[in-house]
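Protein chains in written order, with the working numbering: chain L, 5 to 65; chain P, 5 to 65; chain A, 5 to 65; chain V, 5 to 65; chain H, 5 to 65; chain R, 5 to 65.
Ideal Cβ placement from N, Cα and C applies to all residues, glycine included.
Below is one structure; the comments refer to it alone.
Number of protein chains: 6
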Amino acid sequence: MPYVTVKMLEGRTEEQKKALVEKVTAAVSETTGAPAEKIAIFIEEMSKNNYALGGKRLSDE
Amino acid sequence: MPYVTVKMLEGRTEEQKKALVEKVTAAVSETTGAPAEKIAIFIEEMSKNNYALGGKRLSDE
Amino acid sequence: MPYVTVKMLEGRTEEQKKALVEKVTAAVSETTGAPAEKIAIFIEEMSKNNYALGGKRLSDE
Amino acid sequence: MPYVTVKMLEGRTEEQKKALVEKVTAAVSETTGAPAEKIAIFIEEMSKNNYALGGKRLSDE
Amino acid sequence: MPYVTVKMLEGRTEEQKKALVEKVTAAVSETTGAPAEKIAIFIEEMSKNNYALGGKRLSDE
Amino acid sequence: MPYVTVKMLEGRTEEQKKALVEKVTAAVSETTGAPAEKIAIFIEEMSKNNYALGGKRLSDE
Numbered sequence: 005m006p007y008v009t010v011k012m013l014e015g016r017t018e019e020q021k022k023a024l025v026e027k028v029t030a031a032v033s034e035t036t037g038a039p040a041e042k043i044a045i046f047i048e049e050m051s052k053n054n055y056a057l058g059g060k061r062l063s064d065e
Numbered sequence: 005m006p007y008v009t010v011k012m013l014e015g016r017t018e019e020q021k022k023a024l025v026e027k028v029t030a031a032v033s034e035t036t037g038a039p040a041e042k043i044a045i046f047i048e049e050m051s052k053n054n055y056a057l058g059g060k061r062l063s064d065e
Numbered sequence: 005m006p007y008v009t010v011k012m013l014e015g016r017t018e019e020q021k022k023a024l025v026e027k028v029t030a031a032v033s034e035t036t037g038a039p040a041e042k043i044a045i046f047i048e049e050m051s052k053n054n055y056a057l058g059g060k061r062l063s064d065e
Numbered sequence: 005m006p007y008v009t010v011k012m013l014e015g016r017t018e019e020q021k022k023a024l025v026e027k028v029t030a031a032v033s034e035t036t037g038a039p040a041e042k043i044a045i046f047i048e049e050m051s052k053n054n055y056a057l058g059g060k061r062l063s064d065e
Numbered sequence: 005m006p007y008v009t010v011k012m013l014e015g016r017t018e019e020q021k022k023a024l025v026e027k028v029t030a031a032v033s034e035t036t037g038a039p040a041e042k043i044a045i046f047i048e049e050m051s052k053n054n055y056a057l058g059g060k061r062l063s064d065e
Numbered sequence: 005m006p007y008v009t010v011k012m013l014e015g016r017t018e019e020q021k022k023a024l025v026e027k028v029t030a031a032v033s034e035t036t037g038a039p040a041e042k043i044a045i046f047i048e049e050m051s052k053n054n055y056a057l058g059g060k061r062l063s064d065e
């Protein structure tokens with residue numbers, strides 16, 4: 005606790021995801037006062053045919 | 005905003021999912037007053053071995 | 005099933021939310037083939053101090 | 005209703021997941037009074053490179 | 005980990021919710037092998053005007 | 005996109021939540037390459053009687 009979920013399009017590299025969890029954990033710890041070791045992060049990756057904006061999926065653009 | 009998540013069993017065709025996001029976006033825009041281009045839709049597809057009703061997974065029926 | 009979650013800012017009227025669930029259910033049923041009586045909708049309402057875009061909460065604008 | 009989501013690391017066997025939904029459904033029914041046939045369970049499985057604790061993904065340990 | 009979310013209508017007593025988390029934690033631990041102290045449970049309570057089945061909110065029935 | 009959800013116990017101040025969304029948005033933008041203005045953050049606050057660890061709610065400790 006806190007529990008952080010980051011939902012984004014698939015395609016980021018492992019290096020980007022590694023940096024993402026490091027930096028987001030630091031940001032949450034610094035601003036909420038929660039110790040870093042209690043902060044969990046879940047990355048959820050979406051494909052372009054399961055995400056739509058304005059009624060159109062990214063895969064249909 | 006609004007953000008809509010549709011969780012359903014896998015197996016729908018791309019044509020069905022394309023129509024789904026179009027019609028749902030229109031329904032949300034019409035009834036909430038939000039402009040269509042601000043409405044995001046996420047489709048989450050479940051497999052039958054990760055969904056249970058009444059204590060039994062669909063894959064076990 | 006399907007299960008639909010609509011996350012939006014608080015402030016819509018009961019009439020708007022009543023219409024929202026009717027129209028969204030019809031849209032999902034028509035496009036996925038699921039019978040309407042199996043479609044569940046959850047409305048989640050956010051306050052402006054718990055939602056941010058571009059690093060700024062709506063309540064801070 | 006109720007709707008239960010169990011998020012866990014991938015790697016459990018089908019037998020474990022089958023037992024999981026049986027036992028959790030019974031526990032929810034017994035304690036809430038909801039009939040078992042109304043209780044839905046969703047299993048969400050995470051990979052080790054999409055889950056972090058303390059700023060480090062399990063796949064990086 | 006695992007992380008369990010139980011979404012249900014508001015109205016259960018504190019005693020029911022206390023028993024719910026005890027029994028669900030035991031069920032998850034027994035079937036997945038995860039130690040009980042690592043299992044987190046979130047209860048999310050819905051009001052009848054934010055939940056619909058078959059296109060009709062419970063508060064409109 | 006990305007969409008970030010931070011689930012935590014209630015009790016943080018408005019100043020803490022304001023800083024949280026600023027710092028998390030910067031961390032996500034820097035590491036994923038997404039422009040800050042496309043990043044949405046949702047804060048979900050739990051009460052101690054709806055969160056349990058090890059089968060015991062925080063409100064029961």
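Within 7 Å of any Cβ in chain R, is that where the Cβ of residue i sits?
i: A/Leu57; result: yes
i: H/Thr29; result: yes
i: L/Lys11; result: yes
i: H/Lys52; result: no
i: H/Glu26; result: yes
Quick one: using the 10 Å Cβ neighbour count with 16 as the cut-off for buried, is residue i buried or exposed?
i: V/Thr36; result: buried
i: R/Gly59; result: buried
i: P/Glu65; result: exposed
i: V/Pro6; result: buried
i: V/Thr29; result: buried
How far does the alpha helix (DSSP H) with residue i in it reach, from first residue to last?
i: V/Glu34; result: 18 to 36
May I ask which residues mark the beginning and end of the beta strand (DSSP E) holding residue i?
i: A/Lys11; result: 7 to 13
i: R/Glu41; result: Element bounds for R/Glu41: n/a, residue is neither H nor E.
i: V/Leu57; result: 55 to 57
Output needed for residue i: all residues of its chain with C-beta closer than 6 Å, excluding positions within five of it in sequence on either side, in chain order.
i: A/Glu49; result: Glu14
i: L/Leu62; result: Lys52, Tyr55
i: A/Ala23; result: none
i: R/Glu19; result: none
Can you find a CB in chain L that lies within less than 7 Å of the CB of residue i?
i: P/Ala38; result: no
Could you check whether the Cβ of residue i sits closer than 6 Å to any heavy atom belonging to the ligand GTP?
i: P/Ile47; result: No copy of the ligand GTP occurs in the structure displayed, which carries no ligand at all.
Kindly indicate if chain P contains any beta-carbon less than 7 Å away from that of residue i.
i: A/Arg16; result: yes
Give me, in chain order, the residues of the same chain whose beta-carbon lies closer than 7 Å to that of residue i; leave out the 5 immediate sequence neighbours on both sides.
i: P/Ser33; result: Pro39, Ala40, Ile43
i: H/Thr9; result: Phe46, Glu48
i: H/Lys11; result: Glu48, Met50
i: L/Leu57; result: none
Tell me which same chain residues have a C-beta within less than 8 Å of the C-beta of residue i, skipping the five on either side of it?
i: L/Ala31; result: none
i: R/Val25; result: Ile45, Ile47
i: A/Lys21; result: Ile47
Using a C-beta cutoff of 7 Å, does residue i count as contacting chain A?
i: R/Glu65; result: no
i: P/Ala44; result: no
How about residue i: is its C-beta nearer than 7 Å to some C-beta of chain V?
i: H/Leu62; result: no
i: L/Glu19; result: no
i: L/Glu41; result: yes
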